[in-house]
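Have a look at the structure below before the remarks.
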Amino acid sequence: MNDQILLTPGPLTTRIETRQAMLRDWGSRDPAFIALTAELRARLLAVAQGGPTHACVPLQGSGTFVVEAAVATLVRPGDKLLVLANGAYGERIAAIARRMGRPVEALRWPENRPVEARRVAEALRADPGLTHVALVHCETTTGLLNPLAEVAEAVAGAGRHLLLDAMSSFGAIGIDLRSVPVTAVMASSNKCLEGVPGIGFALVEQAALARCAGVSPSVSLDLHDQWRGFEKDGQWRFTPPVQVAAALAEALRRLEAEGGPPARLARYAENCRTLLSGMRRLGFEPYLEEAWQAPIIVTFRMPDRRPPLRFASFYDALAARGFLIYPGKLTQAETFRIGCIGALDRHDFDRLLVAVAEAARAA
Ligand SMILES: *Cc1c(COP(=O)(O)O)cnc(C)c1O
């Protein structure tokens, strides 16, 4: 039934148990679903050790919905957001803030270079009007890992708030909210948590969230009101994706059984090493320097050969062999991407490499 392997940054390959958890119908106001929601919120907080300080606010929709809700709820019209951008997801946060009419500035780096905490500290010193900083943890555009701890220290040291898009890192790359100061972490059900798509969530500092009543210009994208709803009666304000929630709760139990984020990261790192060494043997070079590469998704350059390898025919040849890859998202170089995440292990990547060798010959 599910023979295609998704080597994508989400939706991705999930476990059969996670998909089976969706077979039941739930009443959204029934005590059983209220208990499931409470379990979900507690487990998501525990992944980042946010229990004492933060609140988990799940939101219907994809990851972008929760990023938009976090900007809408936490950045007031008189505030000013500094977006740290080295890829498309950073640019998207800036676009969200602009569309919402929030004052926003972007500090940019090339797509193959990490954000530098030193430049962030300088920018915050130079402009006392900046109140919030937005960082993308793993820039899925390339697969680059930005230095969260250093940036968080620079932002907190300057007395500003950090909003972290941890969409493609949460659940694998550890975020410890006890020691790393972050006002809000945003992520979604369908990346390293290995759930199905349909839920975004934010872990928000309770003290900051409590001050944000009436700030969001949107009714549905209001994390403060969504939080108050959960605190009042344990229920979602509007129709929840009940099956997606059940699948995510099951996926979180599986994450715990696997050994939590450190064990998941170790599996992804092994997938990534297998992929990188195998692809190099086949003549495919990664776009990023190894030092910046997160074991989440790898960008490869199209090989320089005659006749040139075209993405569309390479994709089709791989898909015919049961593997779905991802197009590149870079402006300057012709690339494609292969995800290391999902319910996959090294053996799946060994099989992928056989298929890549065949597909490159056939395409
Ligand atoms: C996936 C992703 C998002 C959200 O994308 P959606 O398509 O809305 O789920 C945001 N930021 C990053 C870094 C991502 O990888």
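Here the sequence shown stands for residues 1 to 363, where the numbers follow my numbering. Even glycine gets a Cβ: it sits at the ideal position worked out from N, Cα and C.
{"Query": "Backbone secondary structure at P368 - three-state DSSP", "Result": "Nothing about residue 368 can be reported from this structure: the residues present for the chain run from 1 to 363 only."}
{"Query": "Ligand 1 heavy atom lying under 6 Å from the CB of S62", "Result": "yes"}
{"Query": "6 Å CB neighbourhood of M186 in its chain, flanking five on each side removed", "Result": "V66, V67, A70, D165 and A202"}
{"Query": "Buried/exposed call for H347, threshold 16 Cβ in 10 Å", "Result": "exposed"}
{"Query": "8 Å Cβ shell around F311 - same chain, five flanking residues per side excluded", "Result": "M302, P327, G328, E334 and F336"}
{"Query": "Sequence ranges, beta strand (DSSP E) only - wholly within the segment 185–217, length at least 3", "Result": "199–205"}
{"Query": "Residue range of the beta strand (DSSP E) that includes I341", "Result": "Counting along the chain, I341 falls outside any beta strand (DSSP E), and DSSP gives it neither H nor E."}
{"Query": "Spatial distance of Q226 from A55 (CA atoms)", "Result": "11 Å"}
{"Query": "Alpha carbon of I175 to alpha carbon of L252, nearest angstrom", "Result": "16 Å"}
{"Query": "Candidates R305, Y287 and R306, of which the one nearest I338 by Cα", "Result": "Y287"}
{"Query": "Given K80 as reference, the closest of R361, A106 and R92 once Cα atoms are compared", "Result": "A106"}
{"Query": "Cβ-heavy atom distance, Y89 to ligand 1, below 6 Å", "Result": "yes"}
{"Query": "Ligand 1 heavy atom lying under 6 Å from the CB of D348", "Result": "no"}
{"Query": "Alpha-carbon spacing of A362 relative to S277, whole angstroms", "Result": "22 Å"}
{"Query": "Collapsed DSSP secondary structure at R108 in the structure displayed", "Result": "strand"}
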